[in-house]
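Visitor: Residue numbers (this note's numbering): 863 to 1728.
Take a look at this one; I'll ask things after.
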Ligand code: AHR
């Protein structure tokens, strides 16, 4: 069966859908209904057995993935405020050609060049201001710039400049230049002029109406050679959208290059460093590692733009810019050294991802020929030497020259990102063997999100990376996803994890997404022996700079959003922060029981459906206790049937869904239970078969999927999670089949043409999840719980053998699952904290509706909590 979520072709390929046979399944939608809510389950008993330690949790389990996407680095984390500072933005995207009215890679995949105002025939992001009596022009010159790498520069011809006018150039920054009243900004630019022009240039920040937002500095002393001029601007207003205006004080010709404006206070006061508020939001996650620089940035959309760290080191004006895969030119201002320093300042392990010789599989991949792979391999080895080599090694010396003699001790190296196929396998192996021989202590990571283990042809990897972009519903059913992982396989790094579908809200990351991802992460923690590392993706996004894969909406989301002056973390950010900063050192065995729960029974309406096809149905009959509750006669009408999607009509006495694709029609009563549904069905057109729905209530339903998975198997699914074992089988088109579904309590039996195909058991939808552990430094027991239901869960915590003296509770919740944070309400969905008395071995605790809770319990004898 194809992916469950109707999506673009791109999204279909990238989303991973894993159907796991679970003893219980979950529907997040239940959180808005009463179905499956605690009224049916009653009180919970959580027993934590501290004498039965589970797996140790990697101290660096929770990390971040930092990639140049959504204007996250240039225009975001990297402190530079001027856009197109080196005037290189009108360069053609390297390795792309202009065809069909756009820039495309050699295989015809668009570069996304036009998306944010790039053009090759002007000076993007700079405007000439010719006000009053002033006369003049600006031109891009493609030679003569400050360095060979920054060869383009701006020429300004000032013909008339007098008291009645102003001739100036203005830079709009990245969707505006953020100014904060009272903050100081370092301005520097290089200029040269033809005599007799000697300046001055006047520089200040202004708002869109031309009102000054800073003081003005005057720069003079401009000669025939490039001269660096600098000064400090102090902002007089807070405005996320100012512009930097450079006015020419006299007639003549002047050239500008490398115009830069940097906040004086970067994070940790690093020169060429990071925007402080964004870096702090990342630091507040206390990440154990930082994966960088991509993602697709590493692989790129053309061989010429694949990430080459050597272009990212040395003086910033000598770093050759490259077109990035996310509709943005990369200045390389935040280069390898800056990334490594940032990791160190965060106290996080760097995880460097290197190019593996295959460009992005979603952008019509290209390969470096095997005979040219030694250069790619060596470049990666050189990157490790740059990070780790002594100052007397070739690349260690370059690092030392840049001001950092001490090696960084890079330990984690990922070879490639989201690559695919045996071509990748060969290249991976070629690089990995060299890395292992030269740097035996390096941990190598292989991304198997879109390729098989077999495709690596036996090549070694220490950790397997997997990426999961999916719906909140999918994450909420992932609590047990790793329970069955073969422990003999290499452990996992889940490098890119996020709810990406519409239910996660327009910017993604709403409370629904946060809680669903939390269920999944609790599942990772309880399997901490196999899930060693996790990171959300993407991390950062400018509210106006969300990028996308050309021709494949929706735009990328982020965990931290910002504009020029403000920033906030989504509800997902808050949840990941709570989980990551309350990581236990060891999982403790715990049991969750609902002793008063009523026995579960499948209950609800029936329905007919298709996934990707057209099909028709007749002789639908429902019997209960030997009584016929319903018998269709479609020739006479379809009264009581409620089509929900597709195109339904009666053709020759059969009820037909005639639009190939998803189509559902429902009938009956949500209270129906213990019934036998029989019908005749035939497939008409399409790659699969048909679906027979039963037990439908609210958004929850079961179906028998006949001819699913590309017409290769049949399976019973509860909310799209397979129950029991699927059965191999295919349906013939145009043939009538006899279908029978028998529901007794929770038991389901399915017959095709009289033969029993499945016998399985449905289970109550889980809406409450817990995982327990111990923080060894403080001795505290840490209990994490997610309650997805609309009602609180009253629980009794049993901690045999332990006596408690104090407790702390952190709770993330909100009125609606749709709630999220915003620029103007950055903490609308954020945790509240409270201390509570705890004494003895048992505690009564209520877990609020729609919530993530972290409880920290201090044992009587253990040291006081942090
Ligand atoms: O996180 C955004 C992108 O998604 C990454 O660049 C890539 O690895 C994945 O396809």
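We put the CB at the ideal spot given by N, CA and C, even for glycine.
#1: Three-state secondary structure (DSSP) at residue 1386?
#2: Do you know how far the Cα of residue 1416 is from the Cα of residue 1477?
#3: Which same chain residues end up closer than 8 Å to residue 1721 when comparing Cβ atoms and leaving out the 5 residues on each side of it in sequence?
#4: Give the single residue among 1191, 1341, 1279, 1320 whose Cα lies nearest to the Cα of residue 1312.
#5: If you follow the beta strand (DSSP E) that residue 1709 is in, where does it begin and where does it stop?
#6: Taking the alpha-carbon of residue 948 as reference, which of 924, 987, 975, 918 has the nearest alpha-carbon?
#7: Evaluate residue 1361 with the Cβ neighbour count: other Cβ atoms within 10 Å of its Cβ, from every protein chain shown; 16 or more gives buried, anything less gives exposed.
#8: I'd like the list of long-range same chain contacts for residue 1459, defined as Cβ closer than 8 Å, with 5 residues on each side in sequence excluded.
#9: In terms of alpha-carbon separation, which member of 1174, 1498, 1246 lies closest to residue 1299?
#10: For a test of the three-state rule: what should DSSP assign to residue 1124, helix, strand or coil?
#11: Pull up the distance between the alpha-carbon of residue 1474 and that of residue 984, whole angstroms please.
#12: With C-beta atoms as the reference, is residue 1097 less than 8 Å away from residue 1067?
#13: Which two residues bound the contiguous beta strand (DSSP E) that contains residue 1000?
#14: For residue 1307, does the three-state DSSP call read helix, strand or coil?
#15: Nearest-angstrom Cα distance between residue 1218 and residue 1315?
#16: How is the beta strand (DSSP E) around residue 1646 delimited, first residue to last?
#17: In angstroms with no decimal places, state the Cα-to-Cα distance between residue 971 and residue 1718.
#18: Quick check on the DSSP output: the alpha helix (DSSP H) that includes residue 1438 runs from which residue to which?
#19: Check residue 1270 in the structure and name its three-state DSSP category.
#20: Determine the direct distance from the alpha carbon of residue 1193 to that of residue 1444, and round the result to whole angstroms.
#21: Excluding sequence positions up to five away, which residues of its chain have a Cβ less than 6 Å from the Cβ of residue 895?
#22: Distance, Cα to Cα, residue 1337 vs residue 1073?
#23: Skipping 5 residues on each side, what residues in its chain have a beta carbon closer than 7 Å to that of residue 1282?
#24: With DSSP run on the structure shown, which of helix, strand or coil describes residue 944?
#25: Between residue 1705 and residue 906, what straight-line distance do the alpha-carbon atoms span, to the nearest angstrom?
#26: Flag residue 1652 as yes when its Cβ comes closer than 7 Å to any non-hydrogen atom of the ligand AHR, and as no otherwise.
#27: In the region 1459–1527, which residue ranges form an unbroken beta strand (DSSP E) of at least 3 residues, counting only runs that do not cross its ends?
#28: So residue 1037 and residue 1406 are in contact, right, with Cβ under 8 Å, and what is the actual spacing, rounded?
#29: I need the boundaries of the alpha helix (DSSP H) containing residue 1286, first residue and last residue.
#30: Would a C-beta distance cut-off of 8 Å place residue 1341 and residue 1393 closer than the cut-off?
#31: In whole angstroms, give me the CA-to-CA distance for residue 1025 and residue 1181.
#32: Measuring only from the beta carbon, is residue 1257 closer than 7 Å to any heavy atom that is part of the ligand AHR?
#33: Using only CA atoms, which one of 1387, 1086, 1135 lies nearest to residue 1647?
#34: Measuring CA to CA, which of 963, 1119, 1033 is closest to residue 1006?
#35: On the premise that residue 1023 lies in contact with residue 1113, defined as a C-beta separation below 8 Å, what is that separation, rounded to the nearest angstrom?
#36: Thinking residue 1321 and residue 1294 are a contact (beta carbons under 8 Å), I'd like their distance in whole angstroms, please.
Guide: So, to answer that:
#1: The answer is helix: DSSP assigns residue 1386 an H, G or I state.
#2: 31 Å
#3: 1641, 1642, 1643, 1664, 1665, 1666, 1667
#4: Minimum Cα distance to residue 1312 is reached at 1279.
#5: 1704–1709
#6: 987
#7: buried
#8: 902, 903, 904, 1626
#9: The option with the nearest alpha carbon to residue 1299 is 1246.
#10: strand
#11: 48 Å
#12: yes
#13: Unbroken beta strand (DSSP E) run through residue 1000: 997–1003.
#14: strand
#15: Residue 1218 and residue 1315: Cα-Cα distance of roughly 16 Å.
#16: 1643–1649
#17: 51 Å
#18: 1433–1443
#19: coil
#20: 37 Å
#21: Residue placement at residue 895 is poorly supported in this model, since its pLDDT is 28, which falls under 50; the coordinates still yield a value, given next. So the qualifying residues of the chain are 1560.
#22: 49 Å
#23: 1223, 1312, 1313
#24: The three-state secondary structure of residue 944, taken from DSSP, is coil.
#25: 12 Å
#26: no
#27: 1467–1486, 1489–1493, 1504–1507, 1510–1513
#28: 4 Å
#29: 1283–1300
#30: Going by C-beta atoms, residue 1341 is not nearer than 8 Å to residue 1393.
#31: Computed Cα separation, rounded: 40 Å.
#32: Answer for residue 1257: no, Cβ out of range of the ligand AHR.
#33: 1387
#34: Of the candidates 963, 1119, 1033, the one whose C-alpha sits nearest the C-alpha of residue 1006 is 1119.
#35: Correct: roughly 5 Å between the Cβ atoms.
#36: Confirmed, about 5 Å.
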